[in-house]
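Numbering (the UniProt record's numbering), first residue to last: 1 to 184. Ideal Cβ placement from N, Cα and C applies to all residues, glycine included. Encoded as structure tokens, the structure appears first; notes follow it.
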Amino acid sequence: MECNPSSSCRVDRRTIEKNRRTHMKALYSELHSIVPHESSRDVISQPDQLQEAANYIKKLQIKLEKMKNEKDKRMRLKELEINHKKDTKISSLMVGQQRTPQIDVRVIGSSLEAILITGVEFRHLFSETIRVIHEEGFDVVNASFSIVSDMVVHTIHAQIGEPYVSDNGVSKIIKKLNNILYSI
């Protein structure tokens with residue numbers, strides 16, 4: 001399409017640009033109405049609005065990640081509880097009135113996660129588990145526990161330490177922990 005200098009091409013460009021600015025203003029307004037504001041009375045420039053929206057989105061992403069981690073943790077705990085209930089039905093895990101301890105060790109990259117399920121009467125197994133993990137060259141980063149009815153669920157997170165040289169350290173950990181658990 002050819003335009004002569006005084007024709008409608010210039011008008012079309014102006015109209016297009018005006019429509020674009022109007023559309024962008026409507027989008028900014030919509031974004032401003034969605035994002036919660038720290039100072040609601042002050043007039044905020046559009047770049048500040050965009051920065052505020054970006055910060056809000058980042059906060060939401062962090063919150064979402066934390067919620068996902070919490071959900072995964074609760075799902076693992078529920079899965080362990082369900083598996084434990086199934087195991088209890090299949091083979092009587094009660095020794096007198098004591099619950100037989102169980103351990104699950106998983107490796108994810110250079111990280112190790114050990115989940116130890118015991119009754120309250122087997123408190124010493126937690127420190128034994130930490131000792132074994134440390135002996136095999138892992139550094140314990142985090143350890144926590146939860147009490148669910150009459151069982152205690154210990155979760156231990158470890159990273160491969162500097163002196164770690166064994167390729168089969170995890171299998172050694174599992175073997176040693178099973179020896180401790182089954183010698184009770």
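Quick check on residue i: does DSSP put it in helix, strand or coil?
i	result
Glu113	strand
Thr118	strand
Suppose you measure from the CA of residue i to the CA of residue j; what does that come to, to the nearest Å?
i	j	result
Ile156	Glu52	38 Å
Leu116	Arg123	11 Å
Val43	His23	20 Å
Ile160	Glu113	11 Å
Val140	Tyr28	48 Å
Lys63	Lys73	15 Å
Phe138	Phe126	15 Å
Lys118	Ser149	With the sequence shown as reference, residue 118 is identified as Thr, and Lys is not the correct amino acid for it. Distance between the alpha carbons of Thr118 and Ser149 is about 11 Å.
Ala54	Pro36	12 Å
Arg20	Lys58	28 Å
Glu30	Gln46	12 Å
Glu70	His134	26 Å
Just list the residues that DSSP pairs residue i with in beta bridges.
i	result
Ala143	Ile156
Asp104	Ile115
Val148	Met151
Phe126	According to DSSP, Phe126 bridges with nothing at all.
Taking C-beta to C-beta, are residue i and residue j nearer than 8 Å?
i	j	result
Glu128	Ile180	yes
Val105	Ile174	yes
Leu177	Val120	no
Val153	Leu80	yes
Leu77	Ser144	no
Is residue i a contact residue of the ligand SAH, with contact defined as CB to any heavy atom under 7 Å?
i	result
His154	Of the ligands one can find in the structure shown there are none, so the ligand SAH has no counterpart to examine.
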